[in-house]
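Undergrad: Line order of the protein sequences matches chains D and V. Using the working numbering, read the first sequence as starting at 1 and increasing by one per residue. Using the working numbering, read the second sequence as starting at 1 and increasing by one per residue. For each residue, glycine too, the CB sits at the ideal point set by N, CA and C. Just so we're clear, the structure is a prediction, and the values are computed from it rather than from any experiment.
Protein chains: 2
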Amino acid sequence: MSNYKIDDIQLTEMFKALGNPHRLMIFKRLSSCCQPGTQCDLEQAMAFSVGELGEGLDIASSTLSHHLKELHRSGLIEMERQGKRVVCWIAPETLNSLSNFFNADINS
Amino acid sequence: MSNYKIDDIQLTEMFKALGNPHRLMIFKRLSSCCQPGTQCDLEQAMAFSVGELGEGLDIASSTLSHHLKELHRSGLIEMERQGKRVVCWIAPETLNSLSNFFNADINS
DNA sequence: TTTATAGTTCGACATGTTTCGAACTATAGA
DNA sequence: TCTATAGTTCGAAACATGTCGAACTATAAA
Chain D
1 MSNYKIDDIQ LTEMFKALGN PHRLMIFKRL SSCCQPGTQC DLEQAMAFSV
51 GELGEGLDIA SSTLSHHLKE LHRSGLIEME RQGKRVVCWI APETLNSLSN
101 FFNADINS
Chain V
1 MSNYKIDDIQ LTEMFKALGN PHRLMIFKRL SSCCQPGTQC DLEQAMAFSV
51 GELGEGLDIA SSTLSHHLKE LHRSGLIEME RQGKRVVCWI APETLNSLSN
101 FFNADINS
């Protein structure tokens, strides 16, 4: 089921976060653990490190860090230090909530 | 079914368009004709005029016009002059495509 | 304790975005 | 044809964002 409703301010922040090509790439990379039609409920199972997320993006690490901070602030991703690295994963319920926004009860 | 895949550039533009509080409000207003769990297949049946979309937003008409242009350029909405007014409606397939993006096959 | 690896924070700069009001275009009706 | 209504375009100002390199912090390993 999961009908948790995100408020408009947070929704705007999430879309703003995804409205940048680099951040969209990062988000897609993080989403790649989720099988079609299902929710990624393993959460951290397929988490990526900051360095892995930046591969192929051709941006400075400081810029990458900034983008990840934006994704985190918007509520789209979670971050946690694990030893030398910081790992990231899609915030649970995020995919469902956003899918629902376009799917159904948008009616304010 | 409808598995039309939007490319990353257009996707970024759509999210950028929705990443503004005024434009998100407009988009939600336009989506309000769609019933929960269904696609709005009447298309223009519940189209709104530019003026109607700006009601309660408390922005200048030039600003409203700019926001609608952004929503249109991103591919989220359609616009058409009907007499004295210009009417807007959600671009068909948009809601499905975006819902699918979060629902399933994000895998680039 | 020193060194290497992994990220973050900071300041600066260039570029985009939001917003307005004024001036404009398009249509319909008197 | 003149006027009112509905939107758009333009230029300017204020503000936000994306980017970098340099300097920093945190952890692990030699």
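What are the boundary residues of the beta strand (DSSP E) that includes residue 77 of chain D?
TA: Where residue 77 of chain D is concerned, the enclosing beta strand (DSSP E) stretches over 77-82.
Undergrad: Return no unless some Cβ of chain D is closer than 8 angstroms to the Cβ of residue 21 of chain V.
TA: So yes, residue 21 of chain V belongs to the interface.
Undergrad: Roughly how many whole angstroms lie between the Cα atoms of residue 80 of chain V and residue 15 of chain V?
TA: 23 angstroms
Undergrad: Should residue 8 of chain V be flagged as near chain D, meaning a C-beta pair shorter than 8 angstroms?
TA: For residue 8 of chain V, the answer is yes, since a Cβ of chain D falls inside 8 angstroms of its Cβ.
Undergrad: Check the Cβ of residue 48 of chain V against every Cβ in chain D and list those closer than 8 angstroms, keeping chain order.
TA: Neighbours of residue 48 of chain V on chain D: none; closest Cβ ~14 angstroms, over 8 angstroms.
Undergrad: Do the region 55-66 of chain D and the region 44-57 of chain V touch if we need at least three Cβ pairs shorter than 8 angstroms?
TA: no
Undergrad: Could you spell out where the beta strand (DSSP E) holding residue 90 of chain V opens and where it closes?
TA: 85-90
Undergrad: Sort out for me which residues DSSP pairs residue 49 of chain V with in a bridge.
TA: Looking at the DSSP assignment, residue 49 of chain V forms a beta bridge with V/87.
Undergrad: Just to confirm before moving on: does the CB-CB distance between residue 72 of chain V and residue 23 of chain V stay below 8 angstroms?
TA: The answer is no: Cβ separation not under 8 angstroms.
Undergrad: Roughly how many angstroms separate the alpha carbons of residue 82 of chain V and residue 50 of chain V, rounded to a whole number?
TA: 11 angstroms
Undergrad: Which residues in the same chain have their Cβ closer than 6 angstroms to the Cβ of residue 74 of chain V, if we skip the five residues on either side of it in sequence?
TA: 13, 14, 17
Undergrad: Using the Cα positions of residue 44 of chain D and residue 76 of chain D, report the straight-line distance between them to the nearest angstrom.
TA: For residue 44 of chain D, the predicted model reports a pLDDT of 49, less than 50, meaning its position is unreliable; a value from the coordinates is still stated below. Roughly 14 angstroms separates the two Cα atoms.
Undergrad: DSSP state of residue 6 of chain V, grouped into three classes?
TA: coil
Undergrad: Quick one: does residue 12 of chain D have its CB under 8 angstroms from some CB of chain V?
TA: yes
Undergrad: Closest Cβ-Cβ distance between residue 24 of chain D and chain V: below 8 angstroms?
TA: yes
Undergrad: Quick check on DSSP: helix, strand or coil for residue 96 of chain V?
TA: helix
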